[in-house]
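**Student:** For the sequence shown, my numbering gives the first residue as 1, with consecutive numbering after it.
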Amino acid sequence: MSNPAILTVDDDPAVSRSVARDVRRRYGDRYRVVRADSGEAALEALREIKLRGEQVAVLLADYRMPQMNGIQFLEAAMDLFPRARRVLLTAYADTDAAIDAINIVDLDHYLLKPWNPPEEKLYPVVDAMLDAWLAAPDATTSDTRVVGHRWSAPSFAVRDFLARNLVPYRWLVADEPEGGRLLTAAGLTTEDVPLVVTPDGTSLVKPTEAQLAAHVGLTTTPTEEFYDLVVVGAGPAGLGAAVYGASEGLRTILVEQHATGGQAGQSSRIENYLGFPDGVSGAQLTDRARRQALKFDAEILTTREVVGLEAGGSTRLLHFGDGSMIAAHTVVLATGVSYRLLDAPGLAELTGRGVYYGSAAIEAPNCKGEEIYIVGGANSAGQAAVYFSRYARRVHMLIRGADLRRSMSQYLIDQIAAIGNIEVHPHTSVIGGEGGEHLERLHLCDPRSGTPRTVDASWMFIFIGAEPRTEWLDKSIVRDERGFVVTGTGLVVDGRRPSGWTLPRDPYHLETSMPGVFAAGDVRADSVKRVASAVGEGAMAVSLIHRYLESQ
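1) Please classify serine 543: does DSSP put it in a helix, a strand, or coil?
2) Taking the C-alpha atoms as reference points, what is the distance between glutamine 72 and proline 13?
3) Taking contact to mean at least 3 C-beta pairs separated by less than 8 Å, is the stretch 125 to 140 in contact with the stretch 76 to 86?
4) Assuming alanine 214 contacts threonine 223 (C-beta within less than 8 Å), just tell me the rounded distance between them.
5) Relative to the C-alpha of glutamine 266, which candidate in Val173, Val230 and Phe388 has its C-alpha closest?
6) Under the assumption that tyrosine 339 contacts lysine 368 (Cβ atoms under 8 Å), give the Cβ distance between them as a whole number of angstroms.
7) Just confirm the distance between the C-beta atoms of valine 23 and valine 125, as a whole number of angstroms; I'd bet it's less than 8 Å.
8) Could you tell me how far apart the beta carbons of aspartate 143 and arginine 170 are, in whole angstroms, since I believe they sit closer than 8 Å?
9) Work out the CA separation of glycine 336 and serine 324 for me, nearest whole Å.
10) Within the chosen definition, does the stretch 507 to 514 reach the stretch 470 to 489 through at least 3 CB pairs nearer than 8 Å?
11) Taking 7 Å as the limit between beta carbons, can you name the residues of its chain near valine 147, skipping five residues before and five after?
12) Spell out the partners DSSP gives phenylalanine 226 in its beta bridges.
13) Go ahead and label histidine 149 buried or exposed: buried means 16 or more other beta carbons lie within 10 angstroms of its beta carbon, across all protein chains shown.
14) Applying the 10 Å Cβ sphere with the 16-neighbour rule, what's the burial state of glycine 376?
15) Classify isoleucine 374: buried if its beta carbon has 16 or more other beta carbons within 10 angstroms, exposed otherwise.
16) Tell me whether methionine 397 sits in a helix, a strand or coil according to DSSP, three-state version.
17) Tell me whether glutamate 176 is buried or exposed, calling it buried when 16 or more other Cβ atoms sit within 10 Å of its Cβ.
18) Would you kindly check if the distance between the Cβ of valine 19 and the Cβ of alanine 36 is under 9 Å?
19) Quick check: threonine 554 and tyrosine 123, are their CB atoms within less than 9 Å of each other?
20) Are three or more beta carbon pairs between the stretch 266 to 285 and the stretch 314 to 330 nearer than 8 Å?
21) Do methionine 514 and serine 476 have their C-beta atoms within less than 9 Å of each other?
22) Of the residues Gly70, Gly282, Arg505 and Leu294, which one's Cα is nearest the Cα of glutamine 263?
23) May I ask you to report which of helix, strand or coil DSSP gives isoleucine 6?
24) Along the chain, where does the beta strand (DSSP E) containing leucine 89 start, and where does it finish?
25) Relative to the C-alpha of serine 152, which candidate in Leu46, Lys206, Glu48 and Thr502 has its C-alpha closest?
26) Which class does phenylalanine 161 belong to by DSSP, given the choice of helix, strand or coil?
27) Mark phenylalanine 226 as exposed unless 16 or more other C-beta atoms lie within 10 angstroms of its C-beta, in which case mark it buried.
28) Below 9 Å between beta carbons: does that hold for alanine 77 and leucine 112?
29) Is it buried or exposed, glutamate 481, if we count other Cβ atoms within 10 angstroms and call 16 or more buried?
30) Threshold first: 3 residues or longer. Then list the beta strand (DSSP E) segments lying entirely within the stretch 187 to 238, N to C.
31) Mind checking who aspartate 446 pairs with in its DSSP beta bridge?
32) In chain order, what residues of the same chain lie with their CB nearer than 6 Å to the CB of glycine 240, ignoring the 5 residues before and after it?
33) Can you tell me whether isoleucine 419 is buried or exposed? The criterion is at least 16 other CB atoms within 10 Å of its CB, across all chains shown.
34) Taking C-alpha atoms, which residue in His425, Arg17, Ile102 and Thr141 lies nearest to glutamine 55?
35) Leaving out five residues before and five after alanine 163 in sequence, what residues of the same chain have Cβ atoms less than 6 Å from its Cβ?
36) Rounded to a whole number of angstroms, what is the C-alpha to C-alpha distance between glycine 217 and isoleucine 253?
Printed below as a string of structure tokens:
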């Protein structure tokens, strides 16, 4: 982060050089002196400084400038840096204008030209201005900043992408002062959000995930065309495969469409994972696994959609959505599952505006003192209920069954029972929702009697079902009727190996119907839907890959 700036603006080149020289001589070791020759040029400099998240301590502006005089400049500068101290440089004949400026732009001081000697006339004034500014300086930040609307699905999508990829950012509401100042600096209005401003001052207006990734330090392009192992999906299984593959010397690349961690990465606290007796958040576990994979020189690509897989002799070819492809000896499919959409009237258009899939932990502070609804009765729903109970006045869990015992671990059931502001509603289904700017009401129903009821609600988090992300595989890989990838002995029916199988052996335990392609974690048919088993399968896949490569 650069030193705070002292900006001087004067259209007379001689005066401009003089004031900048005198200021730099006294303050150049602590402050960055920025010189401009017009009001518009000075405003452009201020916009760049604002977008970079830096500070401006003092503004020294000449009164008599064409197009935009000093008072007009200082008035415009207040919209960007309201805490910067403002000094107007005037001739003796302009003192009345300077006095008027005290009322118009809250001028801090006016200074008569010439100011020689500066030790007596300039420096005492600037010293006083700097002392006043240091008592209440502008905020500085090196984080990415996001400006958007509170109930905006695109704004939520940007924040969720950054949070899930562990990119630090500051959230600023567009119609609040600091958000408005950033929009002004970028030359935008509240209609142009979401705006993302990167630490180097780059402005991204309504960016795609790929644009975001490219500007916040995430890798989106592979460094090679051929690898020993390509892992598709960066949930626990994919991260496990990447860590073990790279650590054992395989040239490994991990490809993720959205964010590392998968559904587990969104969990507020995982308490039954081996080695973490006090629990660990999904984000923490993801961060550690990601850093571990990078430590062993695995590549991690983000926002790359894999749309096809084919065999080319002993090579496996993966096609990306942009038309490019990479090749490898082996592949691990670890694309996991996604939450099933809740098909009820009014919910689709409110997604991201009060209706969310998964924990959406970034919304938790906004739920303080509110009543929220969680749909689902598995572990992910229970973990979210416990987490949100710290913020919400009451958490309502809506489940279709009679109780939680069928699908939730006992430790979570016990925790929920002990938390006074969590209420479980059995035999309850969501049959609709409505609202204007955001979700306002939910329509619920007891499926046994069909009796409907309506509740006021602004927040609903949905954790229902599991749909495998395998539609892109088409017919290249055998899947079951629900879309899960069939592996190992499941492929051998009545002693017959799968169609197209060319090897003189049965498929290995995690191997798919395409030799050299393995599946691990939730995407695999009949897998155990737990984080530990997913990580274990990722590691096991690498062991089987070594066996496969040795036989080639």
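Positions of the beta carbon are idealized from the N, C-alpha and C atoms, including for glycine.
**Tutor:** According to the structure data:
1) Position 543 of the sequence shown, counting from 1, holds the residue named residue 543. It is helical.
2) Indexing the sequence shown from 1 puts residue 72 at position 72. Indexing the sequence shown from 1 puts residue 13 at position 13. Cα to Cα, the separation comes out at about 20 Å.
3) Contact between the stretch 125 to 140 and the stretch 76 to 86 is present: three or more C-beta pairs spanning the two stretches fall below 8 Å.
4) The residue given as residue 214 occupies position 214 in the sequence shown. The residue given as residue 223 occupies position 223 in the sequence shown. In this structure, alanine 214 and threonine 223 do not form a Cβ contact; the two beta carbons are roughly 15 Å apart against a cut-off of 8 Å.
5) Position 266 of the sequence shown, counting from 1, holds the residue named residue 266. When each option's Cα is compared against that of glutamine 266, the closest is Phe388.
6) Here residue 339 corresponds to residue number 339 of the sequence shown, with the count starting at 1. Here residue 368 corresponds to residue number 368 of the sequence shown, with the count starting at 1. So it is not a contact: roughly 25 Å between Cβ atoms.
7) As a position in the sequence shown, residue 23 is number 23, starting the count at 1. As a position in the sequence shown, residue 125 is number 125, starting the count at 1. About 11 Å separates the two Cβ atoms, so there is no contact after all.
8) Here the question's residue 143 lines up with position 143 in the sequence shown. Here the question's residue 170 lines up with position 170 in the sequence shown. Sure, about 5 Å apart at Cβ, within 8 Å.
9) If you number the sequence shown from 1, residue 324 lands on position 324. If you number the sequence shown from 1, residue 336 lands on position 336. So the alpha carbons of these two residues sit roughly 23 Å apart.
10) As far as the Cβ criterion goes, the stretch 507 to 514 touches the stretch 470 to 489, which means the pair count is three or higher.
11) On the sequence shown, position 147 is the one that residue 147 refers to. Here the set comprises Leu172, Ala174, Gly179, Leu182, Leu183, Val193, Pro194 and Leu195.
12) Reading the sequence shown from its first residue, position 226 is the one you call residue 226. In DSSP, phenylalanine 226 forms a bridge with Ala327.
13) Counting from one through the sequence shown, the residue named residue 149 turns up at place 149. With 16 or more other Cβ atoms within 10 Å, it is buried.
14) Taking the sequence shown and counting its residues from 1, one reaches residue 376 at position 376. Label assigned to glycine 376: buried.
15) Residue numbering aside, residue 374 sits at position 374 when the sequence shown is read from its first letter. So isoleucine 374 ends up on the buried side.
16) In the sequence shown, residue 397 corresponds to position 397, counting from 1. Methionine 397: strand per DSSP, three-state reduction.
17) If you number the sequence shown from 1, residue 176 lands on position 176. Glutamate 176 is exposed by the Cβ-count criterion.
18) As a position in the sequence shown, residue 36 is number 36, starting the count at 1. As a position in the sequence shown, residue 19 is number 19, starting the count at 1. Cβ atoms of alanine 36 and valine 19: not closer than 9 Å.
19) Since the first residue shown for the chain is 1 and the last is 552, residue 554 is missing from the structure and cannot be characterised.
20) Judged by Cβ distances under 8 Å, the stretch 266 to 285 makes no contact with the stretch 314 to 330, as fewer than three pairs qualify.
21) Taking the first residue of the sequence shown as 1, we reach residue 514 at position 514. Taking the first residue of the sequence shown as 1, we reach residue 476 at position 476. Less than 9 Å separates the beta-carbon of methionine 514 from that of serine 476.
22) Position 263 of the sequence shown, counted from the first residue, corresponds to residue 263. Residue Gly282 is the option with its Cα nearest to glutamine 263.
23) The sequence position of residue 6 within the sequence shown is 6, counting from 1. Note: isoleucine 6 maps to strand in three-state DSSP.
24) For this step, residue 89 is matched to residue 89 along the sequence shown. Per DSSP, the continuous beta strand (DSSP E) segment holding leucine 89 begins and ends at 85 to 90.
25) Translated into the one-based positions of the sequence shown, residue 152 becomes position 152. The residue with the shortest Cα to Cα distance from serine 152 is Lys206.
26) Within the sequence shown, the letter at position 161 stands for residue 161. It is helical.
27) As a first step, residue 226 must be located in the sequence shown, where it is residue number 226. Counting C-beta atoms within 10 angstroms of its own C-beta, phenylalanine 226 has fewer than 16 neighbours from the protein chains shown and is therefore classed as exposed.
28) On the sequence shown, position 77 is the one that residue 77 refers to. On the sequence shown, position 112 is the one that residue 112 refers to. Contact annotation: alanine 77 and leucine 112 have beta-carbon atoms that are not nearer than 9 Å.
29) Walking along the sequence shown from the start, residue 481 turns up at place 481. Burial state of glutamate 481 is exposed, judged by a 10 Å Cβ sphere holding fewer than 16 other Cβ atoms.
30) Fully enclosed beta strand (DSSP E) runs of 3 or longer: 195 to 197, 203 to 205 and 226 to 232.
31) To locate residue 446, count along the sequence shown from 1; it is residue 446. According to DSSP, which records beta bridges pairwise, aspartate 446 is partnered with Thr451.
32) Position 240 of the sequence shown holds residue 240. Counting only residues of its own chain and dropping the five nearest sequence neighbours on each side, glycine 240 has a CB closer than 6 Å to the CB of Val535, Gly538 and Ala539.
33) Counted from its first residue, the sequence shown places residue 419 at position 419. Here isoleucine 419 is exposed: its Cβ has fewer than 16 other Cβ atoms, across all protein chains shown, within 10 Å.
34) Position 55 of the sequence shown holds residue 55. The residue with the shortest Cα to Cα distance from glutamine 55 is Thr141.
35) For the purposes of this step, residue 163 is identified with residue 163 of the sequence shown, where counting begins at 1. Taken in chain order, the residues that qualify are Ile362.
36) The residue given as residue 217 occupies position 217 in the sequence shown. The residue given as residue 253 occupies position 253 in the sequence shown. Taking the CA atoms as reference points, glycine 217 sits about 17 Å from isoleucine 253.
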